[in-house]
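A quick write-up on the structure given underneath.
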Amino acid sequence: MIDWNHIDTVLLDMDGTLLDLHFDSFVWHEHLPRRFAESNALDLEAARALLKPRLDAIQGTLPWYCLTHWSREFGLDVPAVEAEVAHLIRVRPGVHGFLTACAAGGLRRILATNAHPQSLALKMRTSGLHEHLDELHSSHVYGAAKEERAFWHALQAATGFVPERSVLIDDNLDVLRAARSFGVACCLAVPQPDSQQPARPTAEFLAVECFERLVHETPRLARAFASCPQAQGQITTVQPTLGPPRAECAPSSRQAPATDFPTGR
Ligand SMILES: [Mg+2]
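Each residue of the sequence shown is one higher than the one before, starting from -17 at the first, in the working numbering.
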């Protein structure tokens, strides 16, 4: 269990954690292959067959997350391709209430994302989430992906966050492992980052199935939420659960499948 009384910072991933990963899934599985097919006079399946191995070859590295890299590789304006379907960007349920409760409870809210700065800007502009966060940090500024220990050193130097007093919420298990190795006190996984896809096992990490429930079942956040007028209406009432821990909060030994497209996760 997390002792939230010893926590002063919440580190938050963006894609698949605060935002529905469906946008990124659609861009990289559907829209970008379609634009690539159009610009190269290919059918869609041929375009996908050309793109996939090039994407897979560097998955999880900083260039994999880099829109400038893929614009050059694919001969497309990838930030513009993303912007074409920006209407699909969605904040996940309960996120606004959770972030408001964190602020009211005295917790610093730091966004730490692998998203390219242009993608980060599009998503903040579209979602308005920056109004609910204290700091925004892209790994591209530090030259190391969140999967790398160097990122966490750089983020600590930039923000002064204390790992032993921090919680990380992320949907990428490799990122969670890197943060845990760095000493982050509590690492929580999001099991269903894409609302259109089934939930995945979260392996060795406790899961955040529902932000609303996390608020209501965390006394520090629940008290802050109850005392915060602007939080009302941002979150629905969730009945507290009784009895043994819910299945979604129990650690599992199974591994989640690897991701297969470059998003800020
Ligand atoms: Mg993510």
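Idealized CB from N, CA, C, for every residue including glycine. This one's a predicted model, so the numbers in the text were calculated from it and none came from an experiment.
Next item on the list: Helix, strand or coil for ASP25, going by three-state DSSP, please let me know.
Entry: Position 43 of the sequence shown, counted from the first residue, corresponds to residue 25. ASP25: coil per DSSP, three-state reduction.
Check: Do the segment 203 to 213 and the segment 78 to 91 make contact, defined as three or more Cβ pairs closer than 8 Å?
Finding: yes
Check: For THR184, is the beta carbon positioned less than 7 Å from some heavy atom of ligand 1?
Finding: Along the sequence shown, read from residue 1 onward, the residue named residue 184 stands at position 202. Incorrect: THR184 has no Cβ contact closer than 7 Å to ligand 1.
Check: Counting Cβ pairs closer than 8 Å, one from the segment 44 to 57 and one from the segment 68 to 79, do we hit at least three?
Finding: no
Next item on the list: Kindly give me the distance between the Cβ atoms of GLU113 and LEU93, rounded to whole angstroms, as I take these residues to be in contact under 8 Å.
Entry: For the purposes of this step, residue 113 is identified with residue 131 of the sequence shown, where counting begins at 1. For the purposes of this step, residue 93 is identified with residue 111 of the sequence shown, where counting begins at 1. With a beta-carbon spacing of about 12 Å, GLU113 and LEU93 fall beyond the 8 Å limit used to define contacts.
Checklist line | Start and end residues, beta strand (DSSP E) containing CYS169 | finding: Looking up residue 169 in the sequence shown gives position 187. Start and end: 168 to 171.
Notebook entry, point to check: For ligand 1, any of its heavy atoms closer than 7 Å to the Cβ of GLY249?
Noted result: Only positions -17 to 247 of the chain appear in this structure, which leaves residue 249 out of reach.
Notebook entry, point to check: Where in the segment 51 to 79 do unbroken runs of the alpha helix (DSSP H), each at least 4 residues long, occur, reported from the N-terminal end onward?
Noted result: 60 to 66
Check: Okay, do the segment 126 to 141 and the segment 149 to 167 touch, 3+ Cβ pairs below 8 Å being the bar?
Finding: yes
Notebook entry, point to check: In whole angstroms, what is the alpha-carbon distance linking PRO175 and SER21?
Noted result: Locating residue 175 in the sequence shown gives position 193, counting from the first residue. Locating residue 21 in the sequence shown gives position 39, counting from the first residue. Cα-Cα distance, rounded: 31 Å.
Next item on the list: Look at the alpha carbon of THR(-1) and the alpha carbon of ASP(-15), and state the distance between them as a whole number of angstroms.
Entry: Translated into the one-based positions of the sequence shown, residue -1 becomes position 17. Translated into the one-based positions of the sequence shown, residue -15 becomes position 3. Using only the alpha carbons, I get a separation of about 21 Å.
Next item on the list: Give the range of the alpha helix (DSSP H) segment to which SER177 is assigned.
Entry: Taking the first residue of the sequence shown as 1, we reach residue 177 at position 195. SER177 -> no alpha helix (DSSP H), and no H or E assigned at all.
Checklist line | Proximity of ASP153 and ALA171 at Cβ, strictly below 8 Å | finding: Counting from one through the sequence shown, the residue named residue 153 turns up at place 171. Counting from one through the sequence shown, the residue named residue 171 turns up at place 189. For ASP153 and ALA171, yes; Cβs fall inside 8 Å.
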